[in-house]
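In this note's numbering, the protein residues as written are 129 to 483. Reading through the C-alpha cells given below for one structure.
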Ligand code: SF4
Ligand code: SF4
C-alpha cells in the first residue's frame, strides 16, 4: 500500500508564476468560455463539447482502459482537419483531443491550430509522458487552452504507470512553461491499490498552481460502482481541498460516490459528441456504436434528435464530462424518445418512443 510517506521527495515549492501575460490569457479564455456557455443557454441546436481521437495508439497500457491499442497509425492530418472543420460547422464550442495518447500524433500542433481556427476552445487529455519544455512551448504557440492529465497513483504498479513519481518532473515543466490551463485529475476506484494516493496527487497539483479534480474509474461499460470506506474518505478530503471545482456538480458526484443512481438527462450525441479514430460519432467512449454515424454526415437534425433521446444507461453513468455538459440543459424540456445503447455487451441498441 502506498501512503503519504511514499510521495516522491523532495517536492519543490510552487513554481507556477501568474505573470501578466498568463493573467491576460486566462482572462481571455474565461471570456470565451462564458460566451460559449451563453450561446449554449440560448440555443440547443449545436454541440457544446466534442472529444476527438487523432490516435488510438498509446505508449501505456492501463489495465482498466479500453480506449487504446499499441499498433494503430495516426489519423492522417487532412482527415483530422476535415473532421474538425465539420465540428466547427456544427457550432461545437469546445473540442478536446484525446486518445490513445494524442501527443504521439506527429501533427498535433496543426490539429490544435485548426480547432482554434473554428473558434472553438481547444483542450487535450494526455498521459503527460512526452511533455518537455519545447513541446509545451509549441502547445502554447498552437493555442491550446486546456490540458488534463489523470494521475492514478504515486508509484507505478501493474494497473497504471500514470504515476506521480514518473510525472512530477513533467508537472514542474508545465508549471514553468504552460500558458494554458492545467487540470490534474486524481482517481479512486477501478482497482487502484491505494486510494490515499489521490490525496497526495491532488495536493501536489494545487501546490504547483494547477486546478485539481477527482474522478471515479468506471468499469468497462461506464457504469457505477459504489466507493469503499477508504475510497470514500479520500474522496471527501480531496473534495474539501478543491471545493470550488465541484460546487455546480456536487449532487451528481455525491450520488456516484454513494453508489446511487442520478436523475439527469444525458445529452450525448447532441451537446456532447465522441468522435473515434475512424471518424464515427458515438455517444461517449463507453457507448461506442451508437449512433455510429460518420462525423462528415452528422447534421443538426442528428443533434436535435439526440437532444431529445433519453439514454437508459444514464442513471448509473459515471462519465463526468458528459454530466457537466448536459447540466447546461438540465432545466430544459424532457426527452421524448428512449434508447438502450449497446454498452459493453455490444448488443444492438433499442430505440423506443416514450412520449
Ligand atoms: S494512458 Fe490513457 S489511453 Fe493510455 S492506456 Fe492509460 S488510460 Fe488508456
Ligand atoms: S449516460 Fe450518456 S455518457 Fe453515460 S454511458 Fe450512457 S450514453 Fe455514455
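All C-beta atoms in this analysis are idealised placements derived from N, C-alpha and C, irrespective of residue type, glycine included.
Asked, Found
"Determine, using beta-carbon pairs with one atom in the stretch 194 to 208 and one in the stretch 160 to 177, whether at least three such pairs fall under 8 Å.", "no"
"Give, in chain order, every unbroken run of the alpha helix (DSSP H) that is at least 4 residues long and sits entirely within the stretch 254 to 336.", "261 to 270, 292 to 305, 325 to 335"
"Do residue 411 and residue 439 come within 8 Å of each other at the CB atom, strictly closer than that value?", "yes"
"Would DSSP call residue 172 helix, strand or coil?", "coil"
"Three Cβ pairs or more, each shorter than 8 Å: is that satisfied between the stretch 216 to 225 and the stretch 168 to 181?", "yes"
"Would you tell me roughly how many angstroms separate the C-alpha atoms of residue 467 and residue 148, rounded to the nearest one?", "49 Å"
"Keeping to the same chain, check which residues put their C-beta closer than 6 Å to that of residue 323; ignore five residues upstream and five downstream.", "316, 358, 359, 362"
"Determine the closest residue to residue 398 out of 450, 387, 441, with distance taken between C-alpha atoms.", "450"
"Taking contact to mean at least 3 C-beta pairs separated by less than 8 Å, is the stretch 279 to 288 in contact with the stretch 240 to 247?", "no"
"In whole angstroms, what is the alpha-carbon distance linking residue 146 and residue 171?", "35 Å"
"Quick check on residue 485: buried or exposed, where buried means 16 or more other Cβ atoms within 10 Å of its Cβ?", "The structure shown has nothing for residue 485, since the chain only spans 129 to 483."
"In this structure, how does DSSP classify residue 190 when only helix, strand and coil are distinguished?", "coil"
"Using only Cβ atoms and a threshold of 6 Å, which residues come within that distance of a heavy atom of ligand 2? Order them by chain position.", "350, 394, 396, 411, 412, 414, 415, 439, 441, 442, 445, 447, 450, 469"
"Does DSSP put residue 247 in a helix, in a strand, or in coil?", "coil"
"What span of residues does the beta strand (DSSP E) with residue 179 cover, start to end?", "177 to 180"
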